[in-house]
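Trainee: The structure's right below; bear with me while I get my questions together.
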Amino acid sequence: LTPRITETAKALWLIYVGITVVCIFAYWLGGMKLFDAVGHAFSTVAIGGFSTHDDSLAYWNSPTLELVSVIFMLIAGVNFALHFTAWRRASAQPYFLDPELRVYISLIFAFSVLASFALYFTGTYDSLATAFRYGSFQVVSAMTTTGFTTASFYDWPGFLPVLLICIAFIGGCAGSTAGGMKVYRVILLYRQSIREIHRLVHPHAVIQIKIGGQKTSDTIISAVWGFFFLYIANFAVMTMLLTATGLDAETAYSAVGACITNLGPALGEAGPNYASLSDTAKLILCVAMLLGRLEIYTLLVILTPVFWRD
Numbered sequence: 152l153t154p155r156i157t158e159t160a161k162a163l164w165l166i167y168v169g170i171t172v173v174c175i176f177a178y179w180l181g182g183m184k185l186f187d188a189v190g191h192a193f194s195t196v197a198i199g200g201f202s203t204h205d206d207s208l209a210y211w212n213s214p215t216l217e218l219v220s221v222i223f224m225l226i227a228g229v230n231f232a233l234h235f236t237a238w239r240r241a242s243a244q245p246y247f248l249d250p251e252l253r254v255y256i257s258l259i260f261a262f263s264v265l266a267s268f269a270l271y272f273t274g275t276y277d278s279l280a281t282a283f284r285y286g287s288f289q290v291v292s293a294m295t296t297t298g299f300t301t302a303s304f305y306d307w308p309g310f311l312p313v314l315l316i317c318i319a320f321i322g323g324c325a326g327s328t329a330g331g332m333k334v335y336r337v338i339l340l341y342r343q344s345i346r347e348i349h350r351l352v353h354p355h356a357v358i359q360i361k362i363g364g365q366k367t368s369d370t371i372i373s374a375v376w377g378f379f380f381l382y383i384a385n386f387a388v389m390t391m392l393l394t395a396t397g398l399d400a401e402t403a404y405s406a407v408g409a410c411i412t413n414l415g416p417a418l419g420e421a422g423p424n425y426a427s428l429s430d431t432a433k434l435i436l437c438v439a440m441l442l443g444r445l446e447i448y449t450l451l452v453i454l455t456p457v458f459w460r461d
């Protein structure tokens with residue numbers, strides 16, 4: 152490794168540790184015991200979602216702790232290279248100039264508002280403030296793929312449980328600790344789709360895809376489309392395999408979705424936990440978790456015979 156890479160790696164590690172330490176103190180000041188604060192800080196910044204209590208953050212029923220969790224889940228879902236740039240420049244300007252971050256925040260805000268109003272108008276919660284408290288928390292937890300819970304969202308009415316599983320597929324920003332496909336890839340997929348529509352209308356037009364004013368090469372776009380196909384194909388195949396073990400469709404698709412995005416909580420029979428699932432189903436979900444965490448390509452390359460022959 153070159154000295155420049157080593158220096159950057161050390162800086163990123165220090166930023167990660169620094170955010171974790173601040174998170175520990177925030178949880179502790181919010182009312183957690185030190186042991187719980189340390190455990191939840193590690194789980195929040197790493198976007199693991201594990202808690203020291205079965206009820207997750209619902210154990211404390213504290214708006215303050217939930218706010219702390221939301222803030223640090225959002226931070227952990229941001230590209231850590233962006234944190235590094237802001238730290239090196241001692242300026243918040245990089246955050247305002249990053250197009251991926253703007254889309255990330257905009258999506259979380261839009262989905263939070265949608266979920267909150269849906270909870271209120273379906274009578275799940277009596278006040279809009281309470282609906283926003285629970286709705287926004289679960290949206291942030293789902294989209295960052297952290298998996299903390301403050302309510303049994305799998306029992307929520309209407310489209311809300313499916314919405315939370317679906318937004319986990321988007322995930323956080325590229326270069327973050329979040330799972331999912333990443334916001335950057337979603338932006339490229341969207342813009343490439345729009346470009347293809349324009350090409351149908353103007354077949355000879357030369358349309359460049361730009362993000363943040365920079366042109367994106369066709370090689371990158373092809374790689375993203377390949378990633379998207381493999382992601383969805385693996386999701387579909389493993390969902391069918393789970394239904395073959397005897398699980399209902401809701402449990403199957405949500406469990407695979409929750410595992411391949413590294414979200415954790417699912418719907419149906421897997422809503423409370425995965426204990427009741429068969430060993431075969433758990434093995435399939437283990438593969439889904441590995442695929443999601445290693446972002447498809449890495450694991451598939453290792454399993455390719457050509458890789459070992461070369």
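Counting from 1, position 145 in the sequence shown corresponds to residue 296 in the numbering used here; the numbering is continuous, with no gaps. Virtual Cβ for every residue (Gly too), placed ideally from N, Cα, C. Only a predicted model underlies this, so the values are computations on that prediction, with no experimental measurement involved.
Report yes or no: do the region 305 to 319 and the region 392 to 400 share at least 3 C-beta pairs separated by less than 8 Å?
Mentor: No: fewer than three Cβ pairs fall under 8 Å.
Trainee: Taking the alpha helix (DSSP H) that A371 belongs to, which residues open and close that run?
Mentor: Inspection of the sequence shows that residue 371 is occupied by Ile rather than by Ala. Element bounds for I371: D369 to A395.
Trainee: Could you check where the alpha helix (DSSP H) with S344 kicks off and where it finishes?
Mentor: Looking at the DSSP string, the run of the alpha helix (DSSP H) that includes S344 is V334 to V352.
Trainee: Between A266 and G286, which are expected to be in contact by the criterion C-beta below 8 Å, what is the C-beta distance as a whole number of angstroms?
Mentor: Contact holds; Cβ gap of about 4 Å.
Trainee: Where does I318 sit, in a helix, a strand or coil, going by DSSP?
Mentor: I318: helix per DSSP, three-state reduction.
Trainee: Tell me the rounded alpha-carbon separation between H234 and K161.
Mentor: Roughly 13 Å between the two C-alpha positions.
Trainee: Give the straight-line distance between the Cα atoms of V290 and S278, rounded to the nearest whole angstrom.
Mentor: Whole-angstrom Cα-Cα distance: 18 Å.
Trainee: Under a three-way DSSP split, which group does I358 fall into?
Mentor: Of the three classes helix, strand and coil, the one that applies to I358 here is coil, per DSSP.
Trainee: Would you mind reading off the limits of the alpha helix (DSSP H) that contains T449?
Mentor: First-last of the alpha helix (DSSP H) with T449: Y448 to I453.
Trainee: Are there 16 or more other CB atoms within 10 angstroms of the CB of F320, so buried, or fewer, so exposed?
Mentor: Classification for F320: buried.
Trainee: Tell me where the alpha helix (DSSP H) around D430 begins and ends.
Mentor: D430 to R444 is the span of the alpha helix (DSSP H), which, as asked, contains D430.
Trainee: Under three-state DSSP, which class holds K161?
Mentor: Reduced to three states, the DSSP call for K161 is helix.
Trainee: For I175, collect the residues of the same chain with a Cβ closer than 6 Å to its Cβ; drop the 5 residues on either side in sequence, then sort them by chain order.
Mentor: Around I175: A188, V189 and A192.
Trainee: If we count Cβ pairs, one from each stretch, closer than 8 Å, do we get three or more for the region 293 to 309 versus the region 337 to 352?
Mentor: They do not touch, by the three-pair rule.
Trainee: Would you report the Cα separation of F262 and S194, rounded to the nearest angstrom?
Mentor: Straight-line Cα distance between these residues: approximately 23 Å.
Trainee: Are there 16 or more other CB atoms within 10 angstroms of the CB of V407, so buried, or fewer, so exposed?
Mentor: Counting Cβ neighbours within 10 Å, V407 comes out buried, since at least 16 surround it.
Trainee: Out of E251, E420, M389 and L185, which has the shortest C-alpha to C-alpha gap to L434?
Mentor: It is M389 whose Cα lies nearest to the Cα of L434.
Trainee: Under 8 Å between the Cβ atoms of L225 and L216?
Mentor: Their beta carbons are not under 8 Å apart, which means L225 does not touch L216 by this criterion.
Trainee: Assuming N385 and G326 form a contact by the criterion Cβ under 8 Å, report the distance between their Cβ atoms to the nearest whole angstrom.
Mentor: About 23 Å; that fails the 8 Å criterion.
Trainee: CB I170 to CB V196, shorter than 8 Å?
Mentor: A contact, by the Cβ cut-off of 8 Å.
Trainee: What number of angstroms, rounded off, separates the C-alpha of T431 from the C-alpha of T296?
Mentor: Roughly 24 Å separates the two Cα atoms.
Trainee: Just the C-alpha distance for G443 and Q365, rounded to the nearest angstrom, thanks.
Mentor: Rounded to whole angstroms, G443 to Q365 spans 28 Å at the Cα level.
Trainee: I need the boundaries of the alpha helix (DSSP H) containing D187, first residue and last residue.
Mentor: Unbroken alpha helix (DSSP H) run through D187: L185 to V196.
Trainee: In whole angstroms, give me the CA-to-CA distance for S202 and F304.
Mentor: Approximately 17 Å between the Cα atoms of the pair.
Trainee: Would you list the residues sitting across from Q365 in a DSSP beta bridge?
Mentor: The partner list for Q365 (beta bridge, DSSP) reads I362.
Trainee: When we look at the beta-carbon of D206 and count the other beta-carbons within 10 Å, is it buried (16 or more) or exposed?
Mentor: Exposed is the call here.
Trainee: Measuring alpha carbon to alpha carbon, tell me which residue in V219, P354 and L252 is nearest A177.
Mentor: Nearest option by C-alpha distance: V219.
Trainee: Buried or exposed: where does M391 fall if 16 or more other Cβ atoms within 10 Å of its Cβ makes it buried?
Mentor: So M391 ends up on the exposed side.
Trainee: Kindly indicate which three-state DSSP category H234 falls into: helix, strand or coil?
Mentor: In the structure shown, H234 sits in a helix (DSSP, three-state: H, G or I).
Trainee: In terms of residues, what are the limits of the alpha helix (DSSP H) holding G286?
Mentor: G286 -> alpha helix (DSSP H) spans L279 to M294.
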